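**Student:**
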Ligand code: SAH
Ligand code: SF4
Ligand code: F3S
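Residue numbers (the working numbering): 314 to 755.
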């Protein structure tokens, strides 16, 4: 007998864009009658959404396949789909590299998921790969959202033309594309109607968003934010990830003017050395970056700034690294991500002279992270005794506890005796640790 519902298991690696993409694939699957499951063993379709950014991330797809392909013995009808940036990186060669995969879809082709499932379902044993950059936009083919979490992502811009010399994204996501103004507003309204209270606008270079307005003219992110802020029932807006040179004065001012725009900005600098920034093909200097931070703090004194760092890029010496440490002391980031440089095949950086040995990268990362953590802890401790608005996103790990985020993006744990998921609660902070705050609802 046929099961009443078929089940899909989705595993997501990589950035928030992949989280959004996985959600959209879940929406496609829901339209085909598939329910989501957390148990891959009971799934009829397994989707692995992959990331190619660093070698370790990219290699994971192969270990994941090693785990799931044996399930085909018990369930010969199981279909395994691999999506995302690793597929794009290998394109037509992907199926030869990845055994056990039935369907492989690049990031610009996942709107074809339903069609490909039908093809493979109708003729078991065939394997398909779609890794083109189609001229049509997948966004025009995606269904409406089925449901939305309190905090939901919305992709407004995709791809990148910047070609930082370490980065695979321009190759895996393709050229920069901004979705039209009206499409974004329509999707945001749909998301709020389906439960979203906070929308995080996504793009690999999100602050360069320049979608067409109703007059066919290029708009800008500040204008989009003001328009979205008018949606009733939407309480919070954030955007990620921004490129320093695209921080316009208008966008900076929005942090002072628009109360729904949260006082948090992820603005990756990558290195505190102008020489290394140049080698990375990042088109700003440390001084220009510092100036942007100054302007942001002038309009919104309490804004939390976060960043990404790469240590051990080709040519980075002790002086360069010390300049990064100096920058840390100057800016005092509220939170950060930091990585050892991972040379990626096909990028300019991978072929550069002066590659830094792994052990030195490791030492530098340890020193950098110690300082970043010190600043993060002190930012969090500074919140002790304060009352912060927390958007409750879900239940905590212990019974009677709920978890959400502060305006500054800190994770906050709140005990409460009734279900408060989806609500904004004023919380008095009583404990501050490196990775979370604890408080009491007031
Ligand atoms: N578009 C964003 C970054 C996207 S990738 C920006 O321009 O800031 C996310 C982060 O991964 C980057 O900020 C960088 O710190 C890191 N990263 C990218 N490629 C890397 C590589 N080859 N090795 C190590 N870290 C890398
Ligand atoms: Fe990669 Fe640079 Fe583009 Fe960011 S701006 S996605 S780091 S190429
Ligand atoms: Fe990874 Fe692709 Fe995002 S490489 S970081 S999933 S854009």
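Quick reminder that beta carbons are idealized off the backbone N, C-alpha and C, glycines included. Just so it is clear, the structure is predicted and the values come from calculations on it, not from any experiment.
In this structure, does DSSP put residue 465 in helix, strand or coil?
**Tutor:** In this structure, residue 465 counts as strand in the three-state DSSP scheme.
**Student:** What residues are listed by DSSP as bridge partners for residue 725?
**Tutor:** Answer is 717, 750, bridged to residue 725.
**Student:** Secondary structure at residue 744, three-state DSSP: helix, strand or coil?
**Tutor:** Residue 744: strand per DSSP, three-state reduction.
**Student:** Is there at least one non-hydrogen atom of ligand 3 closer than 7 Å to the beta-carbon of residue 727?
**Tutor:** Flag unset: Cβ of residue 727 not near ligand 3.
**Student:** Span of the alpha helix (DSSP H) holding residue 679?
**Tutor:** Its alpha helix (DSSP H) spans residues 671-694.
**Student:** Just reading off the alpha helix (DSSP H) that residue 843 is part of, what are its end residues?
**Tutor:** Lying outside 314 to 755, the shown extent of the chain, residue 843 is not represented and no answer is given.
**Student:** Determine the contact status of residue 624 and residue 678, defining contact as a CB-CB distance below 8 Å.
**Tutor:** Contact flag set, yes.
**Student:** For residue 603, which residues from the same chain have a beta carbon less than 8 Å from its beta carbon, with the 5 sequence-adjacent residues on both sides left out?
**Tutor:** The residues are 640, 643, 644.
**Student:** Check this for me: beta carbons of residue 491 and residue 469, under 8 Å apart or not?
**Tutor:** Result yes, Cβ atoms of residue 491 and residue 469 sit closer than 8 Å.
**Student:** For ligand 1, any of its heavy atoms closer than 7 Å to the Cβ of residue 366?
**Tutor:** Indeed, a heavy atom of ligand 1 lies less than 7 Å from the Cβ.
**Student:** Following a CB-centred definition, is residue 475 positioned closer than 7 Å to any heavy atom of ligand 2?
**Tutor:** The answer is yes for residue 475.
**Student:** Do you know how far the Cα of residue 750 is from the Cα of residue 740?
**Tutor:** Near 10 Å, if we compare the C-alpha coordinates of residue 750 and residue 740.
**Student:** Using CA coordinates, which residue listed in 545, 630, 553, 508 is at the minimum distance from residue 668?
**Tutor:** Closest option to residue 668, Cα to Cα, is 630.
**Student:** Counting C-beta neighbours from all protein chains within 10 Å, is the total for residue 755 16 or more, i.e. buried, or is it exposed?
**Tutor:** Answer is exposed; the Cβ neighbour count stays below 16.
**Student:** Tell me, please, whether the stretch 319-330 touches the stretch 353-362 by the rule of three or more beta-carbon pairs shorter than 8 Å.
**Tutor:** Touching, per the Cβ criterion.
**Student:** Determine, using beta carbons only, whether residue 626 and residue 662 come nearer to each other than 8 Å.
**Tutor:** Against a cut-off of 8 Å, the Cβ pair of residue 662 and residue 626 comes out as a contact.
**Student:** Beta carbon of residue 331: closer than 7 Å to some heavy atom of ligand 3?
**Tutor:** Residue 331: yes, Cβ under 7 Å from ligand 3.
**Student:** Could you check the C-alpha separation between residue 587 and residue 437 for me, to the nearest Å?
**Tutor:** Approximately 55 Å between the Cα atoms of the pair.
**Student:** I'd like the list of long-range same chain contacts for residue 597, defined as Cβ closer than 6 Å, with 5 residues on each side in sequence excluded.
**Tutor:** So the list reads 557, 558, once near-sequence residues are dropped.
**Student:** If residue 560 sits next to residue 605, beta carbons under 8 Å apart, how far is it from one beta carbon to the other, in whole angstroms?
**Tutor:** Confirmed, Cβ separation roughly 5 Å.
**Student:** Count the other CB atoms, across all protein chains shown, that sit within 10 Å of the CB of residue 341; report buried if there are 16 or more and exposed otherwise.
**Tutor:** Buried is the call here.
**Student:** Once the 5 residues before and after residue 708 are set aside, which same chain residues still bring their CB inside 8 Å of it?
**Tutor:** Cβ neighbours of residue 708 beyond the five flanking positions: 714, 715, 716, 734.
**Student:** Once you ignore the five residues that flank residue 346 on each side, which residues in its own chain have a CB closer than 8 Å to its CB?
**Tutor:** Result list for residue 346: 318, 319, in chain order.
**Student:** Say yes only if the C-beta of residue 436 is nearer than 7 Å to one or more non-hydrogen atoms of ligand 3, and no if none qualify.
**Tutor:** Checking the Cβ of residue 436 against ligand 3 gives no.
**Student:** For the stretch 393-411 against the stretch 474-485, are there 3 or more C-beta pairs whose distance is under 8 Å?
**Tutor:** Flag = yes, the stretch 393-411 and the stretch 474-485 touch.
**Student:** Which runs of the beta strand (DSSP E), 3 residues or longer, sit entirely within the stretch 591-661?
**Tutor:** The stretch 591-661 contains these whole beta strand (DSSP E) runs: 617-624, 648-653.
**Student:** Checking 8 Å against the spacing of the C-beta atoms, do residue 452 and residue 496 come in under that value?
**Tutor:** Against a cut-off of 8 Å, the Cβ pair of residue 496 and residue 452 comes out as a contact.
**Student:** Is it true that the CB of residue 510 sits closer than 8 Å to the CB of residue 463?
**Tutor:** Yes, they are a contact pair.
**Student:** Rounded to whole angstroms, what's the CA-CA distance from residue 471 to residue 649? Just pull it up for me.
**Tutor:** Taking the straight line joining both Cα atoms gives about 22 Å.
**Student:** Give me the Cα-Cα distance between residue 538 and residue 696, rounded to the nearest whole angstrom.
**Tutor:** For residue 538 and residue 696, the distance between alpha carbons rounds to 27 Å.
**Student:** Out of 375, 736, 692, 610, which has the shortest C-alpha to C-alpha gap to residue 745?
**Tutor:** That would be 692, whose Cα lies nearest to the Cα of residue 745.
**Student:** For residue 314, which residues of its own chain have a beta-carbon under 8 Å away from its beta-carbon, when the five flanking residues on both sides are left out?
**Tutor:** In this prediction, residue 314 scores a pLDDT of 48, lower than 50, which makes its location untrustworthy; the coordinate-derived value is nonetheless stated afterwards. Cβ neighbours of residue 314 beyond the five flanking positions: none.
**Student:** Taking 7 Å as the cut-off, is the CB of residue 486 close to at least one heavy atom of ligand 3?
**Tutor:** Residue 486 Cβ: within cutoff of ligand 3.
**Student:** Mapping DSSP to helix, strand and coil, what is residue 387?
**Tutor:** Residue 387: helix per DSSP, three-state reduction.
**Student:** One question on the structure: do residue 616 and residue 576 come within less than 8 Å of each other, judged by their Cβ atoms?
**Tutor:** Going by C-beta atoms, residue 616 is nearer than 8 Å to residue 576.
**Student:** Under 7 Å from any heavy atom of ligand 1, does the C-beta of residue 350 make it?
**Tutor:** It does not: the Cβ of residue 350 is nowhere closer than 7 Å to a heavy atom of ligand 1.
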